[in-house]
Amino acid sequence: MDTKMAAIPSAPATSSGMQKWLKSKGMDGQAVELRQVGVEGRGLVATRRIRAGECLLQVPRAAVIDAETALEKSALARRVLQKQGDEWAVMATYLAEAKARSQRGKPTEYEPYLQALPKSTGCVFEWTNKEVQTLLRGSCVQEDAKMLQKQLQEAVGMVLEAAKSGREEAEVKLDAKGITWAYSQLLSRMVRLETNENVLSLVPWADMLNHSTSSNAHIDWDPKSETVVLRTDREYDEGEQVYASYGNRSSGELLLSYGFVPALGTNPYDMAKLQLRVDPRDPMAEAKEALLEELGLGFEESFPVRIDGIPDVLLKYARLVAAEGESSEDMTALGKRLLLDRGDNPVPIDLEIQARRLLVEACQKALKGYPKTMEEDRQAMKTFGDVEEESAVAETPPGRVSAAAALRVRERQILNRTEFALRDQVRLLRAEGVAKPRGNPVQGFLGRLFQ
1 MDTKMAAIPS APATSSGMQK WLKSKGMDGQ AVELRQVGVE GRGLVATRRI
51 RAGECLLQVP RAAVIDAETA LEKSALARRV LQKQGDEWAV MATYLAEAKA
101 RSQRGKPTEY EPYLQALPKS TGCVFEWTNK EVQTLLRGSC VQEDAKMLQK
151 QLQEAVGMVL EAAKSGREEA EVKLDAKGIT WAYSQLLSRM VRLETNENVL
201 SLVPWADMLN HSTSSNAHID WDPKSETVVL RTDREYDEGE QVYASYGNRS
251 SGELLLSYGF VPALGTNPYD MAKLQLRVDP RDPMAEAKEA LLEELGLGFE
301 ESFPVRIDGI PDVLLKYARL VAAEGESSED MTALGKRLLL DRGDNPVPID
351 LEIQARRLLV EACQKALKGY PKTMEEDRQA MKTFGDVEEE SAVAETPPGR
401 VSAAAALRVR ERQILNRTEF ALRDQVRLLR AEGVAKPRGN PVQGFLGRLF
451 Q
């Protein structure tokens, strides 16, 4: 997503320069152009009426940057590969090197594209450790953010070490800031071209498309034309912004990777997480742990929950945690029935109720992890725009405050509604006096509740 316009060329100038460069690479005329589009910064806008299913962009292979490109054009990238660098490291090295050469007046063939890239993206690679620690406290993506930042530090160190061991060092002068910038561009812009052997690629022009939670159009490789294309999933009028989908990602994932949170309530893939674990004081803990290990699950697990219900695997796990047994053999047999059940066997009413109580407790524990009240978070998310009507962009420190607060609000809404639905399901089970033998009654109830 192209965020605010700080320190980047104006959209008309960038559009003209990019299209001229892309034409030199073999790209035909376009039905879209780059324009400034409000809070999103820049986006591709239709210059004529576009039909649903129409093939747009058609970016030629010569304009695409992937690991093969980097290795072909950069001795430094080849040295990084020798140091066990992956596709990311190879491409980040080439991008940082090309940027450094540009700053020294020695531009590469990708100069027009480099000039179009923003100085900042808002992705988690640009956040400080303190921002991750404070703004994401309680959020289900905080640990992911910490892991990504740790991986970034290791990758930057590896690239710097490789750069120091080569003769290009005096000419290129890579530094941690430039390499971090390159990794930020990759995290926020790189796509995996599924029909081209899942190659990770930077696709100039195509990466100017903004994300919409309602779009089902994806950027991919077209073997017939040998170009990267976008097939539209709906009609667009002239002057309307054309959108792509970045995938079925939660707002937390979008924030970490792309630096924005969609308007509150617009993302159907939003989620929170519930943590469950086998009580080590449980007499059957050892038998339960052995069974879970056999089935590829851990003694403690984290499960995503969405607005439309609870996954079966979470409910089955909760049943096992709550289950009691007379012996290890009995517990193992019961546990297998609970975890592998396809809905054919009735579950004891007391166990169904106790499993849901455990999930209620898990919701409460997750909610207590947020340091501020819901009202305080609602106020914080308004510090940088109206995020109830439009996306919250995390490019600046105030923007990160707003985006993180919007994420916390959405996660808490999911947890609160899940807890309410679970409590109501317990009440219904008590009233009925029997457990339903098939399906997931909580999921069905949640579905009705949140429609």
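Using full-length UniProt numbering, the letters of the sequence shown correspond one by one to residues 1 to 451.
Don't be surprised by glycine CBs; every beta carbon is placed ideally from N, CA and C.
key: Residue ranges of each alpha helix (DSSP H) within the stretch 108-174, 4 or longer   = 111-116, 129-135, 142-164 and 169-172
request  = Give a yes or no on whether the C-beta atoms belonging to A244 and S214 are separated by under 8 Å.
outcome  = To locate residue 244, count along the sequence shown from 1; it is residue 244. To locate residue 214, count along the sequence shown from 1; it is residue 214. No, the Cβ-Cβ distance between A244 and S214 is not below 8 Å.
request  = Pull up the CB-CB distance for G239 and V32, whole angstroms please, since I reckon it's below 8 Å.
outcome  = On the sequence shown, residue 239 is found 239 positions in, with the first residue counted as 1. On the sequence shown, residue 32 is found 32 positions in, with the first residue counted as 1. Contact doesn't hold; Cβ gap of about 11 Å is too wide.
request  = Just mark A431 as buried or exposed, buried being the case when its beta carbon has 16 or more other beta carbons within 10 Å.
outcome  = Residue 431 sits at position 431 when you count from the first residue of the sequence shown. That one is exposed.
ask   = Since P283 sits in a beta bridge, which residues does DSSP pair it with?
value = On the sequence shown, residue 283 is found 283 positions in, with the first residue counted as 1. DSSP lists no partner for P283.
ask   = Could you check where the beta strand (DSSP E) with W205 kicks off and where it finishes?
value = In the sequence shown, counting from the first residue as 1, residue 205 sits at position 205. From DSSP, W205 is part of no beta strand (DSSP E); its letter is neither H nor E.
Where the beta strand (DSSP E) containing R35 begins and where it ends = Position 35 of the sequence shown, counted from the start, is the residue given in the question as residue 35. It spans V32 to Q36 - the beta strand (DSSP E) in which R35 sits, taken as one unbroken run.
ask   = Within this structure, are the beta carbons of A98 and L174 separated by less than 8 Å?
value = The count along the sequence shown starts at 1 and reaches residue 98 at position 98. The count along the sequence shown starts at 1 and reaches residue 174 at position 174. Going by C-beta atoms, A98 is not nearer than 8 Å to L174.
ask   = Apart from the five residues just before and just after G26, which ones in its own chain have a Cβ nearer than 7 Å to its Cβ?
value = What you label residue 26 is simply residue 26 of the sequence shown in a count that begins at 1. If we look at G26 and ignore the five residues flanking it on each side, its Cβ neighbours are P60 and A62.
query = At which residues does the beta strand (DSSP E) containing K273 begin and terminate?
reply = Against the sequence shown, residue 273 aligns to sequence position 273. Start and end: M271 to R277.
key: Cross-strand partners of Q241 (DSSP beta bridge)   = Within the sequence shown, numbered from 1, the residue matching residue 241 stands at position 241. Looking at the DSSP assignment, Q241 forms a beta bridge with V45.
key: Spatial neighbours of E300 in its chain, beta-carbon cut-off 8 Å, leaving aside the 5 residues before and after   = Position 300 of the sequence shown holds residue 300. Cβ neighbours of E300 beyond the five flanking positions: Q275, L276, R277 and V278.
inquiry  = What does the alpha-carbon distance come out to for the pair S402 and R342?
reply    = Start at 1 with the first residue of the sequence shown, and residue 402 comes out as number 402. Start at 1 with the first residue of the sequence shown, and residue 342 comes out as number 342. Going from the Cα of S402 to the Cα of R342 covers about 43 Å.
ask   = Which class does A258 belong to by DSSP, given the choice of helix, strand or coil?
value = Within the sequence shown, residue 258 is the residue found at index 258, counting from 1. What sits at residue 258 in the sequence shown is Tyr, not Ala. Of the three classes helix, strand and coil, the one that applies to Y258 here is helix, per DSSP.
request  = Could you give the DSSP three-state label for V347: helix, strand or coil?
outcome  = What you label residue 347 is simply residue 347 of the sequence shown in a count that begins at 1. The answer is coil: DSSP assigns V347 none of H, G, I, E or B.
query = By Cβ distance below 8 Å, which residues in the same chain neighbour A170 in space, the five residues on each side in sequence not counted?
reply = As a working mapping, residue 170 is identified with position 170 in the sequence shown. At A170, the pLDDT of 48 sits below 50, so the modelled position is not reliable; the number obtained from the coordinates is stated separately. Cβ neighbours of A170 beyond the five flanking positions: none.
inquiry  = Cutting at 6 Å between CB atoms, please list the residues of its own chain near Y113, excluding the five before and the five after it.
reply    = Position 113 of the sequence shown, counted from the start, is the residue given in the question as residue 113. The answer, listed in chain order, is P204.
key: Whether L209 touches G43 by CB criterion (8 Å)   = Position 209 of the sequence shown holds residue 209. Position 43 of the sequence shown holds residue 43. For L209 and G43, yes; Cβs fall inside 8 Å.
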